[in-house]
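4 protein chains.
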Amino acid sequence: MKKIGIFTSGGDAPGMNANIRAVVRYALLKGIEVVGIEDGYSGMIEGRFVKLSRAATANIISLGGTILLTSRCKAFHSVGGRAAAADRLKQEGIEGLVACGGDGTFHGAHALWTEHGIPVVGTPGTIDNDLWGTDWTIGYDTAINTAAWAIDRIRDTALSHGRVFIIEVMGRHAGFIAMDVGIACGAEYIAVPETVSNIDLLYKKILEQGKNKRTIIIVGEGDEIGGASVFKTILKEQFDVDSHVTILGHIQRGGSPTVRDRVLATRLGVAAVDALINGKSDIMIGLTNKEISYTKFEETWARRKSLRDDIIFISETL
Amino acid sequence: MKKIGIFTSGGDAPGMNANIRAVVRYALLKGIEVVGIEDGYSGMIEGRFVKLSRAATANIISLGGTILLTSRCKAFHSVGGRAAAADRLKQEGIEGLVACGGDGTFHGAHALWTEHGIPVVGTPGTIDNDLWGTDWTIGYDTAINTAAWAIDRIRDTALSHGRVFIIEVMGRHAGFIAMDVGIACGAEYIAVPETVSNIDLLYKKILEQGKNKRTIIIVGEGDEIGGASVFKTILKEQFDVDSHVTILGHIQRGGSPTVRDRVLATRLGVAAVDALINGKSDIMIGLTNKEISYTKFEETWARRKSLRDDIIFISETL
Amino acid sequence: MKKIGIFTSGGDAPGMNANIRAVVRYALLKGIEVVGIEDGYSGMIEGRFVKLSRAATANIISLGGTILLTSRCKAFHSVGGRAAAADRLKQEGIEGLVACGGDGTFHGAHALWTEHGIPVVGTPGTIDNDLWGTDWTIGYDTAINTAAWAIDRIRDTALSHGRVFIIEVMGRHAGFIAMDVGIACGAEYIAVPETVSNIDLLYKKILEQGKNKRTIIIVGEGDEIGGASVFKTILKEQFDVDSHVTILGHIQRGGSPTVRDRVLATRLGVAAVDALINGKSDIMIGLTNKEISYTKFEETWARRKSLRDDIIFISETL
Amino acid sequence: MKKIGIFTSGGDAPGMNANIRAVVRYALLKGIEVVGIEDGYSGMIEGRFVKLSRAATANIISLGGTILLTSRCKAFHSVGGRAAAADRLKQEGIEGLVACGGDGTFHGAHALWTEHGIPVVGTPGTIDNDLWGTDWTIGYDTAINTAAWAIDRIRDTALSHGRVFIIEVMGRHAGFIAMDVGIACGAEYIAVPETVSNIDLLYKKILEQGKNKRTIIIVGEGDEIGGASVFKTILKEQFDVDSHVTILGHIQRGGSPTVRDRVLATRLGVAAVDALINGKSDIMIGLTNKEISYTKFEETWARRKSLRDDIIFISETL
């Protein structure tokens with residue numbers, strides 16, 4: 410293997426740069442040239458390739474976002490788009506790819522492998538932690554700490570005013586962020602997509618606090634009720650409880666990665682290059698029980714990581 | 410003067426606790442007892458008084474929110490409510506008050522003085538910086554740094570994706586937060602209540618960035634267009650530009666105060682006690698050109714601090 | 410079981426308060442009264458007990474340090490000291506203990522169990538991560554992020570000036586902090602107690618950077634060379650390299666705990682109470698491969714967790 | 410004026426990049442080309458010039474350190490060194506300079522003007538705030554907040570253990586950092602170069618806290634006693650008080666600048682270019698009572714800003 414490519418795709422996540430850095434530096438150490446592909450699959454189709462040296466990855470380990478940029482690319486959903494991308498890669502002499510992203514990214518990578526035989530290994534780069542095959546995704550640890558930082562601030566006001574706050578956090582279809590952040594911030598109620606919301610329990614919790622005391626309700630994006638503003642309406646209409654809504658939004662995606670995200674991204678980057686060298690493809694590199702693990706792309710989205718029962722229990726009782 | 414009261418009222422602001430601490434410790438040093446009044450004017454009417462010792466204010470200088478709690482009190486808007494409060498204060502033997510809050514707080518304090526002769530001096534406790542008579546209000550410095558922290562994070566995503574972000578910050582009817590934060594975060598466009606928005610200039614700025622590059626637009630609460638979501642609609646309908654909206658909301662109120670807010674709150678607290686001792690009333694203590702200044706309550710809301718022209722110029726050009 | 414005690418001992422660690430909160434709230438849920446013992450073993454001997462209600466643990470989940478205070482207690486090293494403590498506990502009707510701390514704490518707890526039959530379970534509260542029987546100790550995740558935060562700042566200066574910086578981090582006899590932080594901050598060289606330092610490799614790394622470029626060297630407390638200042642002397646005397654030393658010190662112990670530390674502390678606190686209820690004693694509760702694990706106190710200090718080979722490899726190459 | 414140069418020199422300070430950005434963007438707006446000079450006076454002598462475009466200064470407003478690098482240059486202390494630099498500047502066609510740094514930087518700039526007639530205006534870039542002619546220097550606000558952040562962490566441990574901590578902060582010969590940070594962190598004692606230390610008062614403060622309670626002592630670099638470790642020795646030998654020393658060191662120099670530092674650096678950068686255009690030289694641009702002010706270089710180091718009496722009073726009493 411003489412030359413590989415790396416790209417980031419889908420939503421950006423803190424730690425993607427640390428992943429790029431590890432792939433580049435370890436590959437160079439192994440005598441493999443590395444090409445960065447800009448803007449994910451868009452740049453692949455358009456041939457926006459840039460050679461990455463060791464120096465090009467200096468001082469990026471602590472940066473949020475991704476220096477290779479990222480996008481969601483519709484053209485890659487078509488057979489023709491993927492064929493164009495494959496041609497570009499072959500012209501450039503790229504013999505293998507590292508794809509950092511989420512399940513959308515891995516769908517594309519899987520198609521590239523099955524249709525064009527281009528070896529691709531993935532690294533899990535998403536703040537949502539919603540991929541089967543790894544205990545943690547790159548960016549998740551930073552996102553939960555950023556969210557907790559924000560909620561700790563809102564709690565200052567909630568305490569000073571005795572107010573009910575409904576805070577919506579990210580997570581797409583998975584409640585990991587909501588659950589970890591909710592427990593960490595001592596939320597009175599946590600709504601996640603995985604469970605049916607219990608409005609009566611919620612109201613009971615509000616009463617326990619006293620109508621004039623602070624109550625923090627965390628709502629995970631994608632919960633079945635329909636988001637923080639629906640909760641607000643229900644509380645007002647059914648129980649005459651006033652509340653304030655805050656949607657944390659994109660601040661959860663940014664920021665300098667935590668130590669765990671940087672170290673995770675580094676370990677997975679090294680392992681991804683090793684996997685390509687060893688002839689592997691169509692798999693995601695993950696970390697499972699502290700060890701590097703390999704999961705077929707198809708399994709990463711077909712199987713669903715569930716919330717732990719003991720965590721749900723804690724969220725409902727403490 | 411043997412005994413004074415202190416309370417916080419209106420929206421909470423970081424540094425209120427540092428203000429309470431300074432008032433208590435300096436008054437005790439001067440041989441004056443200090444009573445904390447809980448929940449602002451509500452607690453005054455209800456007689457929720459608590460004696461404050463030096464130990465009670467240990468380790469609160471770095472805490473956000475207010476240990477005395479705060480609220481907006483409708484009952485105090487009536488003559489009867491204020492009379493009830495005045496009775497409570499007299500029963501308790503309180504000979505003077507320190508009121509930490511914004512213009513609503515000072516309206517109440519002014520009425521208490523004119524109707525019942527109870528000496529009150531105010532300290533400017535609001536994140537909005539919208540009070541005449543002081544260069545900075547307590548909480549403002551923390552709020553702008555918290556907002557900038559959040560926007561720096563959103564910029565990571567904006568850069569990685571090449572997206573237009575519209576971020577709404579607090580400020581009520583004043584553009585101070587929007588202006589300082591917008592300049593500090595290198596925003597391409599800043600909309601404030603003080604000026605008429607120029608949508609064509611905004612569009613020009615977006616084009617300068619390139620339709621696929623990051624553009625950060627900061628919208629101050631109370632701008633005449635109607636908030637971040639109206640901007641989003643205009644950009645889409647008039648120019649077919651897609652954008653993402655984030656409303657920072659209550660995270661801007663919380664958090665451990667910055668050094669300047671702690672020091673400001675401390676200096677103003679000491680000066681407030683001195684003012685009461687010297688027989689002053691009906692005034693707000695401020696900091697003007699590094700010196701303690703005194704402004705009649707009525708002026709604090711009647712006169713309007715304006716944005717500096719050189720700041721507006723910078724916001725439009727750099 | 411009607412009444413249990415909880416205490417923190419040894420060096421303080423972020424997340425101890427979250428652990429206390431979980432123990433108190435879960436025990437109360439199970440109908441068990443909880444007594445807080447102040448200042449660790451000192452307070453146990455002196456009978457400084459305080460009843461802990463649910464309300465007493467409100468809003469402490471995000472606080473650094475420990476509300477129960479902590480100390481290192483010489484008197485407890487004697488048979489008489491422990492007998493006095495056991496008497497106090499029996500007088501108070503305490504039927505079991507949760508001990509949050511490190512190996513010193515567990516030595517004491519083990520003695521209390523073997524000599525006086527008082528059931529004790531431990532939770533690993535130390536920033537050093539140096540206890541066998543758990544993947545992570547409470548406080549470790551916060552400490553590495555605090556250290557990385559500080560080193561990212563020093564790197565700004567190192568980059569601007571082209572300087573060599575030697576930064577000493579905590580860890581006692583274990584290199585976990587140094588290794589994780591060193592990798593996360595892209596350090597050129599990491600010295601840990603577990604391995605023999607290779608000064609020639611270090612000098613080679615410095616030359617690779619260029620004598621006028623920034624070089625970051627992380628030295629773990631307890632490394633065999635003797636700390637950051639010895640490295641400075643060696644670099645100067647052997648290679649005529651100037652360098653700056655920073656010893657991070659106690660800032661690594663403090664701060665609001667990270668989400669993982671808060672969640673870990675909460676899970677371990679619940680499991681500790683369950684263990685006492687189930688008649689267990691003389692064990693530490695840990696988290697191993699995402700599951701609650703139980704390790705005899707004696708093993709926690711007799712066996713040694715080692716650094717992973719792949720982590721050491723990464724630290725030497727990337 | 411067709412072309413100007415900008416450089417940073419001496420110790421780096423957060424906000425230097427914001428200053429560079431403002432100078433570049435405003436000069437370009439005025440039709441003036443801008444050349445960045447690397448490594449301060451060293452790069453000036455060696456002709457290390459780089460043309461700065463608007464794009465080159467994108468996204469640097471939030472970065473610590475300085476993209477132009479900085480150094481202390483001995484060669485520039487000689488007449489010959491300065492002559493060599495002047496030749497380089499003239500060859501390059503540079504008609505004026507903006508120098509961002511402290512008094513050492515301004516000494517050099519003054520010599521360049523008097524000996525070679527090259528117009529130079531300075532912007533105050535130093536964390537120490539020790540320049541006459543400006544209320545605040547660029548970097549000071551960030552440094553005090555970083556130091557307070559660190560001390561708040563140490564306080565967690567001090568509170569949990571009941572320990573005496575002696576913390577040394579930066580400031581060279583000025584006590585501004587020590588004073589602001591000490592007040593903001595509620596320190597029991599603050600030692601600064603401007604005043605004679607009163608060891609008996611210090612001991613009295615320690616006793617007030619109780620020998621087993623936390624005491625925070627802040628020592629400003631350059632105090633007349635000789636630094637934190639001397640205080641430690643005195644406390645032990647004279648009063649048998651054990652204490653812990655932490656020297657904050659270089660973490661105080663780094664980090665993303667605060668809003669005030671970014672806005673200050675931006676305003677001063679714009680004013681510096683205006684001053685050059687208007688034919689000014691040999692002056693530092695400052696901010697005095699919210700307005701741009703101009704101070705002759707010689708005054709910036711000859712006159713000494715003193716600590717405010719009310720601030721000293723607060724530091725000794727509250």
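Order-wise, the sequence lines are chains A, B, C and D.
Just so we're aligned, residue 410 is where the first sequence starts under this note's numbering, counting upward by one.
Just so we're aligned, residue 410 is where the second sequence starts under this note's numbering, counting upward by one.
Just so we're aligned, residue 410 is where the third sequence starts under this note's numbering, counting upward by one.
Just so we're aligned, residue 410 is where the fourth sequence starts under this note's numbering, counting upward by one.
Built from N, CA and C at the ideal position, the CB exists for glycine as well.
Cβ-based burial, residue i [other Cβ within 10 Å; buried from 16]
| i | result |
| --- | --- |
| ALA593 of chain B | buried |
| LEU506 of chain B | buried |
| GLU617 of chain B | exposed |
| GLU447 of chain A | buried |
| GLY474 of chain C | buried |
| ALA711 of chain D | exposed |
| LEU673 of chain D | buried |
| THR726 of chain C | exposed |
| VAL605 of chain C | exposed |
Segment limits, beta strand (DSSP E) that includes residue i
| i | result |
| --- | --- |
| HIS653 of chain B | 653 to 656 |
| LEU506 of chain B | 505 to 510 |
| GLU700 of chain A | 700 to 705 |
| THR697 of chain B | 692 to 697 |
Short CB-CB distance (under 8 Å) between residue i and chain D
| i | result |
| --- | --- |
| ALA681 of chain B | no |
| VAL650 of chain B | no |
| ILE626 of chain C | no |
| ARG578 of chain B | Correcting the residue type first, residue 578 of chain B is Val in the shown sequence and not Arg. Answer no: the Cβ-Cβ gap between VAL578 of chain B and chain D never drops below 8 Å. |
| ILE660 of chain C | yes |
| VAL590 of chain B | yes |
Closer than 8 Å to chain B by CB, residue i
| i | result |
| --- | --- |
| LYS412 of chain D | no |
| LEU461 of chain A | no |
| THR546 of chain A | no |
| SER471 of chain D | yes |
| ARG497 of chain D | no |
Per-residue contacts from residue i into chain E (C-beta, under 8 Å)
| i | result |
| --- | --- |
| SER665 of chain A | Note that chain E does not occur in the displayed structure, where the protein chains are A, B, C and D. |
Chain A contact for residue i (CB, 8 Å cutoff)
| i | result |
| --- | --- |
| ASP421 of chain B | yes |
| VAL507 of chain C | no |
| ARG676 of chain C | yes |
| ILE536 of chain C | no |
| ARG457 of chain B | no |
Terminal residues of the alpha helix (DSSP H) in which residue i lies
| i | result |
| --- | --- |
| SER724 of chain B | 718 to 726 |
Residue i CB to nearest heavy atom of the ligand SAH below 7 Å
| i | result |
| --- | --- |
| THR624 of chain C | The ligand SAH is absent from the structure shown, which contains no ligand whatsoever. |
Residue-chain proximity (residue i, chain C), Cβ-Cβ < 8 Å
| i | result |
| --- | --- |
| LEU696 of chain A | no |
| ASP718 of chain D | no |
TODO: Decide if the region 489 to 497 of chain B is in contact with the region 618 to 631 of chain B; the criterion is three or more beta carbon pairs, one per stretch, under 8 Å apart.
DONE: no
Task: Complete alpha helix (DSSP H) runs within the region 617 to 686 of chain D (minimum length 4 residues, chain order) - done: 637 to 648 and 668 to 686
- [ ] Any chance you could list the alpha helix (DSSP H) runs of at least 4 consecutive residues sitting entirely within the region 418 to 468 of chain A, in chain order?
- [x] 425 to 438 and 450 to 455
Task: Runs of alpha helix (DSSP H) wholly within the region 552 to 597 of chain D (minimum 4 residues, chain order) - done: 585 to 593
TODO: Report yes or no: do the region 687 to 707 of chain C and the region 579 to 588 of chain A share at least 3 C-beta pairs separated by less than 8 Å?
DONE: no
Task: Complete alpha helix (DSSP H) runs within the region 480 to 541 of chain A (minimum length 4 residues, chain order) - done: 488 to 501 and 512 to 525
TODO: Count the C-beta pairs between the region 417 to 434 of chain C and the region 450 to 466 of chain C that are closer than 8 Å, then say yes if the count reaches three, no if not.
DONE: yes
Open item on the list: Counting beta carbon pairs with one atom in the region 647 to 658 of chain A and one in the region 531 to 540 of chain A, are three or more of them shorter than 8 Å?
Closed with: no
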